[in-house]
Structures are given as C-alpha cells and as structure tokens.
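Student: Attaching a single structure in structure tokens format; questions to follow.
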Amino acid sequence: MSIKRRSFLRSAGALAATAVAGPAFAQTVIDDILRAPRRGSWNDQFDAAVSQGGRVASHLPVFSPETVSFIEQAIGQYRDIVAQGGWQPVPANKKLKLGVIDPDVEPLRRRLMVTGDLSTQAGLSQSFDTYVDAALKRFQTRHGLPADGVTGRYTFAAMNVSAPVRLGQLETNLVRLRTMSGFLGDRYVMVNIPAAAIEAVENGQVVLRHTAIVGKIDRQTPILNSKINEVIINPYWNAPESIVRKDIIPLMRKNPNYLTENNIRILGPNGEVDPLTIDWSTEEAAKLRFRQDPGKINAMASVKINFPNSHAVYMHDTPQQSLFNNLMRFDSSGCVRVQNVRDLVTWLLRDTDGWSRQRFEQTIKSGESTPVALANPVPVYFTYISAWSTGDGVVQFRDDIYGRDGVDELQITSSL
C-alpha cells in the first residue's frame, strides 16, 4: 500500500473517530477542509460555484445605454484593481492545461481571481483543475480568443497586459460608446473592426451575430455610418485600382494565366482587352478595369451588400470560408467579409416583397447577377470598439489592431 494511500486512510480514520465523538464537530472539520485556502484541486463543488460574474454571451448590443452603464461600472472596478497594485505577470513559458500540476498554475489562479474569472473560493494550489479550466475559458472568451482552456502565447499576452493599460483602454472606449448610445434605428447592422464581428440588432436586441474578416493593417477598414440600400446576388467583382497595383499585376508577372484561371476580364474604353497585349513589367494596366464574372470563385462569392460611402467599401460573401476559422481575421483590402452571409441577407430582405429565403437561394443557383433594392434601407455602422462590457463583471477586450487606442502594449498581434 502506497504512502499516499496510507496517509489518506489515517486521515479518514481520524475523521471517523471525530464523527463518533460528535457529528456536529466532525462536520465543522470537513467544512474547514473544503474551505481551506489551498484546497485548489478538490471537486466537491460545481464549477459554476467558483466562476464569478455573469455569462459572457449576451443579446445586449455593444451600442446601447446599458453597455455604457456596464463599462462605467467596469472602470470603477479596474480603478480599484489599479489602486491595489494591479496584477502580477503570469510566467509565459509553459503550456498549462487541465490535469497539469505545476508551480506556475498558482500565479495563473491569482491572475484569474483578480478579474473575477475565478472565485477566491477555488483556493490556491499548483493543480490545473476543472475550476481553472472553466475560468481560463471564460477569460479567453472575454478576450476574443479560442476558448480551449490551454495557455498559449496569445492568452499569455492578453493576460499580461497591465491593469493600468486595461483601465485606459476602457476609458478610451467609453468615449466612443457614449457617442453611439442614442437611437440608432429599430433595425441596424454594426461592424466592430477590432473584434472582427458583426451584430444585426432589432428592437434593442442582437438577433444575429456574424464572424467577419476586416481590413489588413496596411489596408484598413474605415469608420463610417451609412444605410444598406441594395443586395446584389451573384455579383460581378470590379477590382479596385489598389488591388490591381498591389496584387493582380505582381501575380500576372508570376503567372500569365492568372486572369484566365480566375475568370477576370480586362475592360478598356473599346471593349475587352487581351492580357497578352499588355506589358506587365509596367503598371499601365492599373488604368484599365478588371472585372471578375459571377461564380463560385468570384471574390464576393454569392452576394454583395451595398451602402453609399466615399471609401468604396461594402460587405460580401467569400469563397475562402476557411479564413473565418483564423484567430486574427484581418485579411481584406478594406471591405468586410461575412460568415453565414445568407442569414444576414435574408434578414435584410425581410421587408422587401417577394424575397423569401427560398427565392434568394434559387437566384444564387441561377448564376445570374441580380440586384435587389431594399424596401426599407437598414442603417449600418462600421466602428472601432476594442473594450466594452455587456454585464456585471463581463468585460470584453480585443487587440487594438490599428493602434487607435494609442498604447503599443495593446497591439498584441503585431508584437507576436
């Protein structure tokens, strides 16, 4: 019999003897053990009992008076955290996950406790138990990271942003949120660039959420307010001059068949131009119009969502669906790609006579380019909110991808 087993049996025997001496006293001893500050790896409570704050998922829009109230509350909490010295960095040199016993788990527990992801009732120990697993997943969700319960470089980077910097991020975004807390429409679409996410809002509640792909750091998605007034099913894609210069011309130099293989035609003032007649060693081709035919490999795939704006950007489908699985979804040239875009379009066309989901799908199958004007244009807001709160203790943070918050420490993506 092992030493650990003998020790356990002796402890059990002592408890049994105590129970004989008096049931009430025995229960007190057991309660003391369960509440011990270094308990850590006991599993006698539900995980929910050691997770603090509300659920991270919410139907509350980022733009709402309630969100402003919650972020003001969060700022008060983070000011208290800063006043008490903030949090200590968590050693970022190990992959910690469920079942691991390691000295670095203890500072991880402390860090999760400070921001309320883990209750102090969970205790301090070196065990990465189910309590820590649930708390870490909650932290990851609040920071827009895959909630896998494993400490990786992005999780460590988000965790080790200092408390004063996080407080400043909340204060910066409070100003942005206050400017958008009024009436925005009974129905509207909000694109949050740092979160690479979209909300479709109706009567003050989020009815649809969509993962998005937004502009690269050097081709940023702009801030704008407009109204969605048109949906084009099976659209032609007209390549902007910037893409012709930065992408198409270099690709043609490498592969002269690139345009043919991708169903892209060159249109000049006198009609279609043969690519073989163009000198691709220069940038003269940028003066011409490049148009891709509708189809499965079209850059916008099945649909384009239009709204008037001076930036010539729009929302659209994409044939590269795998990109939505990426952690950092900053890959476009400024336009916004929408996952499950057909659900969003169905919602947009709801008040437009004759445009049911069935007709929409049938039109896609026809392959014909079909513009549809919305009966009631829907407001759309492209915005930059990198921190917000949608509930008591539910504080969301995202990478300051474009550096608009003014602190290098928040540009996690570019620093890793």
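Just so you know, we're using the numbering used here here: the sequence shown kicks off at 944 and counts up by one. Yeah, the Cβ is synthetic: ideal placement off N, Cα and C, and Gly gets one too. Please read all numbers here as calculations on a predicted model, not as lab measurements.
#1: Whole angstroms are fine: how far does the CA of arginine 1081 sit from the CA of glutamate 1352?
#2: For isoleucine 1307, which residues from the same chain have a beta carbon less than 7 Å from its beta carbon, with the 5 sequence-adjacent residues on both sides left out?
#3: Going by other Cβ atoms of all chains shown within 10 Å of its Cβ, with 16 needed for buried, is leucine 1113 buried or exposed?
#4: Can you have a look at threonine 1098 and say buried or exposed, based on whether 16 or more other CB atoms are within 10 angstroms of its CB?
#5: Can you give the beta carbon distance from isoleucine 1328 to arginine 1119, rounded, assuming they're within the 8 Å contact cut?
#6: Using only alpha-carbon positions, find the residue among Val1174, Thr1220, Leu1088 that is nearest to phenylalanine 1340.
#7: Can you name, in chain order, every residue of its own chain whose Cβ lies under 7 Å from the Cβ of alanine 1316, other than the five neighbours on each side?
#8: Taking the straight line between their C-alpha atoms, what separation do you get for glycine 996 and threonine 1225?
#9: In chain order, what residues of the same chain lie with their CB nearer than 8 Å to the CB of valine 1011, ignoring the 5 residues before and after it?
#10: Taking 6 Å as the limit between beta carbons, can you name the residues of its chain near methionine 1258, skipping five residues before and five after?
#11: Specify the secondary structure class of serine 1265 as computed by DSSP and reduced to three states.
#12: By Cβ distance, which residues of its chain are closer than 6 Å to serine 1276, with the 5 residues on each side in sequence left out?
#13: Does the stretch 1209-1221 come into contact with the stretch 1130-1149, if we say contact requires no fewer than three beta-carbon pairs (one atom in each stretch) closer than 8 Å?
#14: Taking the alpha carbon of threonine 1326 as the point to measure from, which residue in Gly1042, Gly1111, Gly1158, Gln1263 has its own alpha carbon closest?
#15: Which residue's Cα is closest to the Cα of arginine 1022: Gly1111, Val1150, Ile1166, Phe1273?
#16: Are the beta-carbon atoms belonging to leucine 1039 and threonine 1333 less than 8 Å from one another?
#17: What three-state label does DSSP hand isoleucine 1328 in the structure shown?
#18: Thinking arginine 1152 and glutamate 1142 are a contact (beta carbons under 8 Å), I'd like their distance in whole angstroms, please.
#19: From asparagine 1206 to valine 1150, what does the alpha carbon distance come to, in whole angstroms?
#20: Beta-carbon within less than 6 Å of tyrosine 1201's beta-carbon, same chain only, minus the 5 sequence neighbours each way: which residues are those?
#21: Apply the 10 Å Cβ neighbour rule to serine 1068 and answer buried if 16 or more other Cβ atoms are within range, or exposed otherwise.
#22: Determine the extent of the beta strand (DSSP E) in which methionine 1271 is found, giving its start and end residues.
#23: Would you identify the three-state DSSP class for glycine 1214, choosing helix, strand or coil?
#24: Mind checking whether the beta-carbon of arginine 1022 lies closer than 7 Å to any heavy atom of the ligand SAM?
#25: Pull the bridge partners of proline 1314 from the DSSP assignment, please.
#26: Which one or two residues does DSSP pair with valine 1338 in a beta bridge?
#27: Might you give, ordered along the chain, the residues of its own chain that have their beta carbon closer than 7 Å to the beta carbon of valine 1057, omitting 5 neighbours on each side?
Tutor: If we stick to the structure as given:
#1: So the alpha carbons of these two residues sit roughly 22 Å apart.
#2: Ile1176, Asn1177, Ser1245
#3: buried
#4: Counting C-beta atoms within 10 angstroms of its own C-beta, threonine 1098 has 16 or more neighbours from the protein chains shown and is therefore classed as buried.
#5: Rounded to the nearest angstrom, the Cβ distance from isoleucine 1328 to arginine 1119 is 6 Å, consistent with a contact under 8 Å.
#6: Looking at Val1174, Thr1220, Leu1088, the one whose alpha-carbon comes closest to that of phenylalanine 1340 is Leu1088.
#7: Asn1172, Glu1173
#8: For glycine 996, the predicted structure reports a pLDDT of 48, less than 50, and the residue's modelled location is therefore unreliable. A value from the coordinates is still provided. CA-CA distance, glycine 996 to threonine 1225, rounds to 60 Å.
#9: Closer than 8 Å at Cβ, skipping near neighbours: Leu1117, Leu1120, Arg1121, Ser1124.
#10: Ile1248, Val1279, Val1281
#11: helix
#12: Arg1162, Ile1186
#13: no
#14: With respect to the C-alpha of threonine 1326, the residue from Gly1042, Gly1111, Gly1158, Gln1263 having the closest C-alpha is Gly1158.
#15: Gly1111
#16: No, these two residues do not count as a Cβ contact at 8 Å.
#17: coil
#18: 6 Å
#19: 37 Å
#20: The residues Leu1194, Met1195, in chain order, have a CB closer than 6 Å to that of tyrosine 1201 in the same chain once the five nearest residues on each side in sequence are set aside.
#21: Residue burial is scored here from C-beta neighbours: serine 1068 has at least 16 other C-beta atoms within 10 angstroms and is therefore classed as buried.
#22: Note, methionine 1271: premise wrong, no beta strand (DSSP E); not H, not E.
#23: strand
#24: The ligand SAM is not part of this structure, which contains no ligands at all.
#25: Answer is Ile1175, bridged to proline 1314.
#26: Ser1332
#27: Cβ within range, chain order: Ile1024, Trp1030.
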